[in-house]
Structures are given as C-alpha cells and as structure tokens.
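What follows is a single structure, written as structure tokens, with notes after it.
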C-alpha cells in the first residue's frame, strides 16, 4: 500500500560543487524543483498509502469521487464510467486500484492514487456486480444480459473465461446475482431465473471447474458469504426462506435455512431489493434484512437457527455491523429511506434513530469503526458521522451518491 | 418462469376495460401538476430504475423502453404498475401512486419521454 514514488529529485551531489558554481547550479535546477513541486501539489506524485482511501459512486453522472477518511475530505473526481446505478466496487490487494461494476456492463479499473481511469471494458449488456479472486489476479463480473459470469485478468482486463449461465433444466440463460469470492480461488454465484447456485474453481484459470447446485428455491435475488469464507447464503425472493451452501462441506449440498421466517404471512410490497452483502456479523450472531418485512433477523451461524428479530422503521436494505460488532446500522427501502437506525448489539435494542435526508442509499464504516460514511442521494450529499456520539462530523457535496467503498475491503473475504 | 404467459398478456385479460382512455387524457396534461410530473420522472429514473436500470434498459426487472412496451396495451401496463406482478419482485405501486399517475408514467415510457430530469 505504498504510493507512487516521486522522481527527478535534485541530485544531492550538486551540493558538493564549488561555491562559485553553486548559484549557477541553483538556477539550473530551479525548473526541476518547480516541476517536482507542481506534481506534489497535483497529488498523484506524493508518496502516500491507500489504507485511508475510498470512493463514492455518483450514480447518475457516471463518475466517482476519491475520498480520504483521515482528514475526511474528497480528493477529486474520476469521470467517464458509464451508467453507475447499482454500481459496486472491489479492490486490488494493494488497495490502489478499484474495479467498478456498472449497470451498463462496464468494468472500469480506476487508480485511486493517480485518480485516473486506467481501463474500461464494456463486457456485457447489463451487469450487476463482481468479485476479486483470493490471489487478486482475477476479477469476475456477474451479468444479467447475457446471463452469466465473465472472468478477467485483473491487470490487463483481458477476458480469461466466459461462463454462460445455462439453466440445468434447459430453460435458457439465467440472470446471475450474488457473486462472491471464496477461498481456494473460487467464485460462488446464484442463477436468478433458474434457481441454482454455482461454484467455479479457478485454481487453474485455463481449466476452471464448475459445480452446480440446482433446485435451491425460487428467485435467488442476492447472495452473501460469511467473513470466514465458509457459508454462502442466497436470499430467495420467491420463497419464505434462504438457501445455504457450506463451502467446507460442499458434498452436503444446498440446504434450506430460516424456512418460514415470514411465518407464511403476506409480504409487504418490496420497493427495493435488500442487499445481503450488507449482512452483519456481530458477536455470536448474524443480522439479516428480512424481505418484505419491517424486521431485521438475528441468526446463529452454524445452526442457522433464528434467535430473534428486531422490529425496525421500514423494510431494511442494508444491516451493517460496525467493525467491532457492537452496533448494527440499518437503512431502509423507499418510501422510508430518509432514516437510519442503530441497533445496540448487547441489548438488541434500537438506541439511536436519525434522518440524514431523503434516499439514504449506503453506509460504510472506517476499518476500525469510529466513523461511518453515509450517502444521501436526493440531497446530493455524503455525510460522515461519529459512531459513538452520533454527531455529524462533516458533510460534502456529491452528485446523486450511492455506494461508498473503502479500501479496507481489499483485505476481506467476500468483499 | 420462462414458460409463463407474458405478464402483460395475463393482465390484459382483466384490465382492458379499465383505463384505455384515461391514459391519454392524463398525458395531455390532465390533473397532474408540472411539479408532480417532475417528481414522477424522478421516481421512474431513481426508484423504478433500481430494478429496471437507471436508463430503463433493464436489470432485475425487464427493460421498459418504448420498443419493449409498444405492443402492450396501456391499460395492462397501468394494471401491472398498480397491482404488481405477484410471484415476481415487481411490487404494487398503488400505495404510493394514483392510477392516473401510473397512466401518465405509461405514456412517458411508451413515448420515451422519461429523462426530463437532469441527474
């Protein structure tokens, strides 16, 4: 995580020159110094790490802002990224490059330090998200149209593999959702139309292996992988439960968990699909947004028993744990998306509620959790809050901000 | 899912009588204020867009471009918007939209006049 080196430093040996020549020398190197100075001010040539950097997606204008969480500022904007509605990002393992998955099928590689678009390929008509492999060499993108997964070389963005999502029952190509990386150079994903989970093993990229699990249930709409890389869980829109695959024991197949969590009651209309990627592990339990209900589910990993549920303000979209697991922050679907609630994990009670503004789309904690960054789309703002005092620390303008992604994700399985 | 009757066709059977003329009057200006029209376009782009794509080219939800909707009756589409498509993620909007507003949206979709709000 080291920045670009600044080159063309004045030659130290010059100091040893005779005094009479010193002034002439100084005059000579002045332009060089000035150039180095200009570069330093421009930013990219300054030596710095990337551990406190991140980006904010500006969904409607095809741009992103590079942000920095130590001083809490925006460093600059990168443009030309296409349709970024529902865009997400993963990071290279050195935290320098972000791979952005746009809705229009665009895969963009952005250099956070130089704040520049390095490369962009439009790899499908319509895509939904992606993942980076364990070794950082492969980037996979899940596509709606044509349904499938494409895998690229993380350096060059050259195509390495194309995996069409042909439904096992022969009904055609399926949209792919919930793509996640897993240990062992694997990518795991779900087929929305076909109701399947597939595991692709890229230990040998030239000869990858697919394992398919059909009949997992109807309309998987998203997936998550636990932070130990062990369990993959797909949310099912068409059913009252979720599908779980234990990647340590794949021979057991996909099992149904949380069956009937809606207790057979009619779902409320769902105006925005919940995101499972925002699932939260806090202490011994996992928090999941319930579909079509004003509830967050509390589940014990391993047994996958429901141990409780917390009534919340609206239909949850993201339920994200502060990195220490002490709090879970929740945002909500339209039309209740102006509110954020904070659950205190030890007491399982809502201890704070506030309204940052209309259309709170995403929340991202700093790696040790002292701050949370919140995008407020309709207010064209990103706000930063202190997670202990709940005070707003700062706010900055952004054009229709949606996802916020910090480089700490580079070091986490499943992100 | 793939063998199902197209949703609009199923809806058309029950909904033809409903709104055919209403849609046209609503588009002509009707009782929807200019401000509300802007709000509706914003909703279409941002909130419908979260499933159908910001540019309505499709996502989890089907594409909603004029070419995709041309041969589907207005009334059926209004019905889909108001009642949703049970068994799919398409939610009923009747709790948030009036029927004449849905009809206005259908006209906007069919004529491709959906991007009036600058982002």
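Protein chains in written order, with the numbering used here: chain A, 1 to 415; chain B, 416 to 534.
Idealized CB from N, CA, C, for every residue including glycine.
- Less than 8 Å divides the Cβ of residue 173 (chain A) from the Cβ of residue 146 (chain A).
- For residue 351 (chain A), the closest of A:389, A:56, A:414 and A:155 by C-alpha to C-alpha distance is A:389.
- Distance check between residue 337 (chain A) and each of A:413, A:271, A:131 and A:63 places A:271 closest, using alpha-carbon atoms only.
- Taking a cut-off of 8 Å on C-beta distances, the segment 223-236 of chain A touches the segment 176-185 of chain A, as three or more cross pairs fall below it.
- Secondary structure at residue 313 (chain A): coil, using DSSP grouped into helix, strand and coil.
- Boundaries of the alpha helix (DSSP H) around residue 456 (chain B): 449-458.
- Contact check for residue 313 (chain A) and residue 353 (chain A): beta-carbon distance about 7 Å, within the 8 Å limit, so the pair qualifies.
- Here DSSP, grouped into helix, strand and coil, assigns residue 282 (chain A) to strand.
- DSSP lists A:101 as the beta-bridge partner residues of residue 88 (chain A).
- Residue 154 (chain A) carries a coil assignment under DSSP once its states are collapsed to helix, strand and coil.
- Rounded to whole angstroms, the gap between the alpha carbons of residue 339 (chain A) and residue 376 (chain A) is 10 Å.
- In this chain, the beta strand (DSSP E) harbouring residue 236 (chain A) covers 231-236.
- Annotated as proximal: residue 112 (chain A) and residue 50 (chain A), with beta-carbon spacing under 8 Å.
- Distance from the CA atom of residue 514 (chain B) to the CA atom of residue 456 (chain B), rounded to whole angstroms, is 15 Å.
- Residue 162 (chain A) is bridged by DSSP to A:150.
- By the 16-neighbour rule on beta-carbons within 10 angstroms, residue 475 (chain B) is buried.
- Boundaries cannot be given for residue 346 (chain A), as no beta strand (DSSP E) includes it and DSSP labels it neither H nor E.
- Counting C-beta atoms within 10 angstroms of its own C-beta, residue 159 (chain A) has fewer than 16 neighbours from the protein chains shown and is therefore classed as exposed.
- Counting C-beta pairs closer than 8 Å gives fewer than three between the segment 489-502 of chain B and the segment 197-216 of chain A, which falls short of the contact rule.
- Residue 154 (chain A) counts as buried, since no fewer than 16 other beta carbons sit within 10 angstroms of its beta carbon.
- Identification of chain A residues near residue 470 (chain B) by a Cβ-Cβ cut-off of 7 Å yields 83, ordered along the chain.
- In this structure, the alpha-carbon of residue 371 (chain A) lies about 10 Å from that of residue 72 (chain A).
- DSSP lists A:300 as the beta-bridge partner residues of residue 305 (chain A).
- If the five residues before and after residue 142 (chain A) are omitted, its C-beta is found closer than 7 Å to the C-beta atoms of 127, 128, 129, 130, 149, 176, 177, 179 and 189, all from its own chain and listed in chain order.
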